[in-house]
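Heads up: the sequence lines are chains A and B, in that order.
Residue numbers for the first sequence, in the working numbering: 46 to 412.
Residue numbers for the second sequence, in the working numbering: 46 to 412.
Using N, Cα and C, we set each Cβ at its ideal position, and we do this for glycine too.
Accompanying notes for the structure given below.
Protein chains: 2
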Amino acid sequence: MTNARLTPLAQSLPATVPFVGPETQERARGAAFDARLGANENVFGPSPRAIEAMAVEGQWMYGDPESHDLRIALAAHHGCRPDNIVVGEGIDGLLGYLVRLIVGQDDAVVTSAGAYPTFNYHVAGFGGALHTVPYVDDFEDPASLFAKAAEVGAKLVYLANPDNPMGTYHKGADIAAAMESLPAGSLLILDEAYVECAPDDATLPLSAEDPRVIRMRTFSKAYGMAGARVGYAIGHPDLILAFNKVRNHFGMNRAAQAGALAALNDQPYLETVLSQIADARTRIFEIAKANGLTPLPSAANFVTIDCGKDAEFAKAVLDGLIARGIFVRMPFVAPQNRCIRISCGTDEMLGALAMALPDVLADAKKS
Amino acid sequence: MTNARLTPLAQSLPATVPFVGPETQERARGAAFDARLGANENVFGPSPRAIEAMAVEGQWMYGDPESHDLRIALAAHHGCRPDNIVVGEGIDGLLGYLVRLIVGQDDAVVTSAGAYPTFNYHVAGFGGALHTVPYVDDFEDPASLFAKAAEVGAKLVYLANPDNPMGTYHKGADIAAAMESLPAGSLLILDEAYVECAPDDATLPLSAEDPRVIRMRTFSKAYGMAGARVGYAIGHPDLILAFNKVRNHFGMNRAAQAGALAALNDQPYLETVLSQIADARTRIFEIAKANGLTPLPSAANFVTIDCGKDAEFAKAVLDGLIARGIFVRMPFVAPQNRCIRISCGTDEMLGALAMALPDVLADAKKS
Chain A
46 MTNARLTPLA QSLPATVPFV GPETQERARG AAFDARLGAN ENVFGPSPRA
96 IEAMAVEGQW MYGDPESHDL RIALAAHHGC RPDNIVVGEG IDGLLGYLVR
146 LIVGQDDAVV TSAGAYPTFN YHVAGFGGAL HTVPYVDDFE DPASLFAKAA
196 EVGAKLVYLA NPDNPMGTYH KGADIAAAME SLPAGSLLIL DEAYVECAPD
246 DATLPLSAED PRVIRMRTFS KAYGMAGARV GYAIGHPDLI LAFNKVRNHF
296 GMNRAAQAGA LAALNDQPYL ETVLSQIADA RTRIFEIAKA NGLTPLPSAA
346 NFVTIDCGKD AEFAKAVLDG LIARGIFVRM PFVAPQNRCI RISCGTDEML
396 GALAMALPDV LADAKKS
Chain B
46 MTNARLTPLA QSLPATVPFV GPETQERARG AAFDARLGAN ENVFGPSPRA
96 IEAMAVEGQW MYGDPESHDL RIALAAHHGC RPDNIVVGEG IDGLLGYLVR
146 LIVGQDDAVV TSAGAYPTFN YHVAGFGGAL HTVPYVDDFE DPASLFAKAA
196 EVGAKLVYLA NPDNPMGTYH KGADIAAAME SLPAGSLLIL DEAYVECAPD
246 DATLPLSAED PRVIRMRTFS KAYGMAGARV GYAIGHPDLI LAFNKVRNHF
296 GMNRAAQAGA LAALNDQPYL ETVLSQIADA RTRIFEIAKA NGLTPLPSAA
346 NFVTIDCGKD AEFAKAVLDG LIARGIFVRM PFVAPQNRCI RISCGTDEML
396 GALAMALPDV LADAKKS
């Protein structure tokens, strides 16, 4: 047995993937999707300045292992110090490093049942013991999360604001207030991947120096650079410095570093895209309602739609859309699995959705 | 103390970086280097087809988590199956995953004293116990490595062929013969980052199905794409599949995937670059000899130069070059630290080296 050499932990892990990629589904169905609306990417793409920066950057050189220029710019953008910021290979990469730093075998971790599965993947990957609390009315519930953290002695608590996959959000001030009951031994990971798409009051009104929380941000969503793999974390300098113990120092793509910097420096373009995202949300709302479905309020670049029946029905809707070339996802657990999730798309993509949905629903109701 | 939450292992680790980046040095000296000859990058850059592929690829989409098209092409290139190949964020990223899969607390690992420090970084990062054997006549010594592995019960043995930092190489057939004494419980990591630059007989003449060895390859060296972060490993399918337990599935830069595929498909360009690298090696040889120094034979894209005295003298030469805007490195431990390492550069860069070296040596001899 070749893998007898694996550690006991590695042997115990399944060889799974948190999400099946759309390309995998395309290969399985033998055709490309017409509308790529399942991965919460930003179809409007990055700033032309970012595209230009990525094209001209000399890829023969390794990236700067300190991501110095980008960190300086991010610190200015957020009104904190460069020492408050670590740049990494997307939030996924940073979550992996953070879990590795903090979670040992059987250490307790708390998240919501149905929240981001890649976080759970990392917790399992380092032997942590995951505890979950349910959503409350389709919202993640800080009070329940922090109470559970106290109960199980959690080292990490995960909360996304806005939430993925539901799209709902809390005011930052409400999260800060709830943090009064965050246990002293627990670190809050606040995943703000979608926060640029949310109302201004979503932002957590706490200093980057606050040792109780580390915030995760990304260039994959509002900035339109999912393929570039640039995320960053904002937190206390001691914790930020600890990433240097384990991260892949030369792991950043050099063109992506340059592209992220250019994208950050083009805030007018970001504003334009946020407006396009808001318009696309409205359009998805209209399409859902026109078909008798219930869109949930969204502060993100996607809309979660309550299909109004059970998980089986929602799955039939999902499968019907995919069969018609519309890539969407259903990354939910009960009772949120009555829903499907649709990313903001171009007019053309959402037109394809509007065209397909009546037939899909008719078929789903028959089955 | 903010970091009291870290695991005991994480607390024990230093916040180090295996290599200080040239940008860091440039910021420290307040000026850019004129010649970037220290990181074994490929100044001749990637295929124009790769540059074009990277520029046109839609970075708003996540990369394919299976790197499917690239793996198919690599399998055809190497005459193996796609199941023998895992693509990752450079060899550095893949080494991290592999060490994580195999090395638990206090598990024994063997390498050569002075071999690739990033591998050692990963071993320390997962709590492994590193054992080293010395170089023999400036060559890594497979027989010593495998004997040490048997002695300490190593789970992993690291060997680079060609070697970095010395540039020397073994015939693949000789390594295969030495593997007869590789203990059954030990996995050999054969780091072939530079093998495209080496004579044909450097290639290991063993099947990709051989469970005793995993080979590491990269697009960072001969293919000129260090900034893109694309490496791959070739090994037994059971071991390759195990990477899916821990890897960052959506960690690959999408443009980099497309660029690597285009670069692989442009073998005529690779041949041209290999010829340029060979010419640059010859030029570095000539420069070294003209200055009374001893270049070591090199099968890589760099030349290691014996400065002929002790480590202090070599360090003075290194510092002198850096002070004159020539970025080179000295990643050696005794007795190899009598050397400096110079990457193949453009004619202009090597001209700058040739211009600076006499003064540098004169100063070093004075100090």
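How long is the line joining the alpha carbons of residue i and residue j, rounded to whole angstroms?
i	j	result
aspartate 236 (chain A)	glutamate 111 (chain B)	25 Å
threonine 156 (chain A)	tyrosine 107 (chain B)	25 Å
leucine 398 (chain A)	leucine 315 (chain B)	45 Å
isoleucine 96 (chain B)	isoleucine 350 (chain B)	33 Å
glutamate 393 (chain B)	asparagine 87 (chain A)	43 Å
glutamate 185 (chain A)	methionine 375 (chain A)	17 Å
lysine 193 (chain A)	isoleucine 332 (chain A)	38 Å
methionine 46 (chain B)	aspartate 283 (chain A)	Residue confidence is low: methionine 46 (chain B) scores 45 on pLDDT, short of 50, so the model does not pin down where it sits. Its coordinate-derived value is still stated next. Their Cα atoms are separated by approximately 9 Å.
alanine 278 (chain B)	proline 93 (chain A)	35 Å
arginine 262 (chain B)	glycine 276 (chain B)	6 Å
lysine 410 (chain A)	phenylalanine 358 (chain A)	8 Å
tyrosine 166 (chain A)	leucine 146 (chain A)	15 Å
proline 67 (chain A)	alanine 98 (chain A)	27 Å
phenylalanine 264 (chain B)	alanine 238 (chain B)	8 Å
valine 131 (chain B)	arginine 116 (chain B)	7 Å
arginine 292 (chain A)	proline 210 (chain B)	23 Å
arginine 126 (chain A)	cysteine 384 (chain A)	41 Å
glutamine 381 (chain A)	alanine 199 (chain A)	25 Å
proline 207 (chain A)	aspartate 128 (chain A)	25 Å
glycine 149 (chain A)	glycine 75 (chain A)	43 Å
Run down chain B in chain order and give the residues with a C-beta less than 7 Å from the C-beta of residue i.
i	result
methionine 261 (chain A)	What methionine 261 (chain A) touches in chain B: nothing, since even the nearest Cβ is about 14 Å away.
methionine 394 (chain A)	Going along chain B, no residue has its Cβ under 7 Å from methionine 394 (chain A), so there is no contact; the nearest lies around 12 Å.
valine 62 (chain A)	Pro110, Asn289 and His294
asparagine 209 (chain A)	Per Cβ cutoff of 7 Å: no residues; asparagine 209 (chain A) is ~14 Å from chain B at best.
glutamate 86 (chain A)	Trp105, Met106 and Tyr107
My guess is that residue i and residue j are in contact by the Cβ rule of under 8 Å, so how many angstroms apart are they, rounded?
i	j	result
aspartate 151 (chain A)	alanine 174 (chain A)	5 Å
arginine 274 (chain B)	glycine 135 (chain B)	4 Å
valine 405 (chain A)	valine 362 (chain A)	6 Å
phenylalanine 347 (chain B)	glycine 159 (chain B)	That pair is no contact at about 15 Å.
leucine 286 (chain A)	alanine 73 (chain B)	Going by Cβ atoms, the distance from leucine 286 (chain A) to alanine 73 (chain B) rounds to 19 Å, so no, they are not a contact pair.
glutamate 454 (chain A)	leucine 319 (chain A)	The requested residue 454 (chain A) does not occur in the structure, where chain A is confined to residues 46 to 412.
leucine 190 (chain A)	isoleucine 234 (chain A)	Contact doesn't hold; Cβ gap of about 11 Å is too wide.
Would you mind telling me which residues of chain A sit closer than 8 Å to residue i, beta carbon to beta carbon, in chain order?
i	result
threonine 391 (chain B)	Per Cβ cutoff of 8 Å: no residues; threonine 391 (chain B) is ~11 Å from chain A at best.
methionine 99 (chain B)	Met99, Ala100, Gln104 and Ala300
asparagine 382 (chain B)	Simply none; closest approach about 22 Å.
glycine 353 (chain B)	Within 8 Å Cβ-Cβ: nothing; glycine 353 (chain B) doesn't reach chain A, min ~30 Å.
Determine the chain B residues that contact residue i at a beta-carbon separation under 8 Å, and present them in chain order.
i	result
alanine 361 (chain A)	Neighbours of alanine 361 (chain A) on chain B: none; closest Cβ ~26 Å, over 8 Å.
isoleucine 147 (chain A)	Arg50, Leu51, Thr52 and Ala55
methionine 270 (chain A)	Gln104 and Trp105
Give the secondary structure of residue i by DSSP, where H, G and I count as helix, E and B as strand, and everything else as coil.
i	result
aspartate 404 (chain B)	helix
leucine 227 (chain B)	coil
methionine 46 (chain A)	Unreliable positioning characterises methionine 46 (chain A) in this predicted model, as indicated by a pLDDT of 45, which lies under 50. The coordinate reading is nonetheless provided below. Coil.
glutamine 394 (chain A)	Contrary to the premise, residue 394 (chain A) reads as methionine rather than glutamine in this sequence. It is helical.
threonine 61 (chain A)	coil
histidine 281 (chain A)	coil
tyrosine 314 (chain A)	helix
histidine 122 (chain B)	helix
tyrosine 107 (chain A)	coil
glycine 276 (chain B)	strand
leucine 201 (chain B)	strand
alanine 84 (chain B)	coil
serine 320 (chain B)	helix
arginine 116 (chain B)	helix
arginine 292 (chain A)	coil
arginine 369 (chain B)	coil
Find the residues of chain A that neighbour residue i, judging by a C-beta separation of less than 9 Å, and give them in chain order.
i	result
threonine 349 (chain B)	In chain order: nothing, as chain A lies at least about 19 Å away.
alanine 80 (chain B)	Neighbours of alanine 80 (chain B) on chain A: none; closest Cβ ~13 Å, over 9 Å.
Which residues in chain A sit within 7 Å of residue i, going by Cβ to Cβ distance?
i	result
glycine 138 (chain B)	Asn293 and Gly296
Using a beta-carbon distance below 7 Å, is residue i in contact with chain C?
i	result
lysine 410 (chain A)	Of the chains in the structure shown, none is chain C; the protein chains are A and B.
Which runs of the beta strand (DSSP E) spanning at least 3 residues fall entirely within the stretch 124-155 of chain A, listed in chain order? 130-133
Please specify which runs of the beta strand (DSSP E), each continuous and at least 3 residues long, are wholly inside the stretch 326-367 of chain B, giving them in chain order. 347-351
Inside the stretch 217-265 of chain B only - beta strand (DSSP E) runs reaching at least 3 residues: 232-236 and 258-263
Of all the beta strand (DSSP E) runs that stay within the bounds of the stretch 150-198 of chain B, which reach a length of 3 or more residues? 153-157 and 174-178
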